[in-house]
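Q: Under this note's numbering, think of the first position of the sequence shown as 5, with each following residue one higher.
Just so you know, even glycine gets a beta-carbon here, dropped at the ideal spot from N, CA and C.
Values in this document were obtained by computation on a predicted structure and should not be read as measured data.
The structure's right below; bear with me while I get my questions together.
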Amino acid sequence: MKHHFVRMAALICCYLSLTGCAALGALNAASEPGDAYELRPPPGLPIAASARSEQLVIDLPTASGAIDTDRVLVRPNTSQVQYLPGARWTQAAPVMIQTVLVEIFLRTGGFQFVGQRPIGPVSDIILVTHLSDFGVEFDPASGEGNIVVTLVANVVREDDATIIASRRFSRRTAISETATPAVIAGFESVSGAIFVDLADWVLRVRGVTRRS
């Protein structure tokens, strides 16, 4: 197993190396259209018994420059950033997460209005998030790879900028295959679990009654 992950890390590094013949290969690959992937709302979302008469605005998540891209992030070690070749997200990761979260909270039916911007001058509640992890990480010592997603969330009352509640959501899953579809499936699994937990938490914070 250790040999498998070491080999995978080496393969990704070789793909992304910009030296010698690999540089020409990388440039040629960059000129070809790659597969595009997107995250969707997961099954198992909590559903409200009735909507709370509030506007919920989903703020654009903040993220580091390495994450704020439509490319699939790979960290061979703690200080190096690379990207999976031949695969992209349909939007930059923070924009994609914002889009998914709007759809998720619309589906829960817990709020009178959900959107990226308020109706009128201000909203009632804003969900402010920071995407601190969103990529494939390798442990240099063991060679093991994991998909890691971490989202720090704050529920904020907009009229006085009061933080009502804060929570950190983090999940990881080991990579079992090197194929891109399997890696993307790992992102779906990890992100989906976080989305369900986040939706449940926000509804509870706002006192929204859920269907049994």
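For the region 133–148 against the region 164–171, are there 3 or more C-beta pairs whose distance is under 8 Å?
A: no
Q: Note down, one range per segment and in chain order, each beta strand (DSSP E) of at least 3 residues found wholly within the region 140–170.
A: Within the region 140–170, the complete beta strand (DSSP E) runs of at least 3 residues are 149–161.
Q: Take leucine 49 and list the residues in its own chain whose beta-carbon comes closer than 8 Å to its own, dropping the five residues that flank it on each side.
A: Ile108, Arg111, Thr112, Phe199, Val200 and Ala203
Q: Are the CB atoms of glycine 139 and valine 78 within a distance shorter than 8 Å?
A: yes
Q: Tell me the rounded alpha-carbon separation between isoleucine 123 and phenylalanine 115.
A: Across the structure, isoleucine 123 and phenylalanine 115 are spaced so that their CA atoms are roughly 13 Å apart.
Q: Quick check on DSSP: helix, strand or coil for glycine 119?
A: strand
Q: Taking DSSP as the reference, what is the three-state secondary structure of serine 35?
A: A caution first: serine 35 carries a pLDDT of 33, below 50, which makes its placement in the model unreliable, though a value can still be read off. In the structure shown, serine 35 sits in coil (DSSP, three-state: anything other than H, G, I, E or B).
Q: What residue range does the beta strand (DSSP E) around glycine 114 cover?
A: Counting along the chain, glycine 114 falls outside any beta strand (DSSP E), and DSSP gives it neither H nor E.
Q: Closest by CA to glutamine 59, which one among Ala157, Thr82, Ile129 and Ala169?
A: The closest CA to that of glutamine 59, considering only Ala157, Thr82, Ile129 and Ala169, is found on Ile129.
Q: Under a Cβ-count criterion, where at least 16 other Cβ atoms within 10 Å of its own Cβ denotes burial, should valine 126 be classed as buried or exposed?
A: exposed
Q: What whole-angstrom Cβ distance do alanine 91 and valine 104 have, given they're in contact under 8 Å?
A: Contact flag wrong, Cβ pair sits at about 18 Å.
Q: To test your reading of the DSSP string, which unbroken beta strand (DSSP E) runs of 3 or more residues are found completely within the region 42–94?
A: 56–62, 75–81 and 84–93
Q: Under 8 Å, do aspartate 2 and threonine 154 count as touching if we go by C-beta distance?
A: In the structure as shown, the chain begins at 5 and stops at 216. Residue 2 is therefore absent and cannot be evaluated.
Q: Per DSSP, what are the beta-bridge partners of serine 174 in this structure?
A: Paired residue(s): Thr154.
Q: Beta-carbon within less than 7 Å of isoleucine 101's beta-carbon, same chain only, minus the 5 sequence neighbours each way: which residues are those?
A: Pro65 and Leu135
Q: With a 10 Å radius around its C-beta and 16 neighbouring C-beta atoms as the bar for buried, classify isoleucine 188 as buried or exposed.
A: Buried: at least 16 other Cβ atoms inside 10 Å.
Q: Can the beta-carbon of arginine 171 be found closer than 8 Å to that of alanine 53?
A: no
Q: For glycine 69, count the other beta carbons within 10 Å of its own beta carbon; 16 or more makes it buried, fewer makes it exposed. Which is it?
A: exposed
Q: Just to confirm the assignment, what range does the alpha helix (DSSP H) spanning serine 193 have?
A: Unbroken alpha helix (DSSP H) run through serine 193: 184–209.
Q: Taking Cβ positions, are proline 46 and glycine 196 nearer each other than 8 Å?
A: yes
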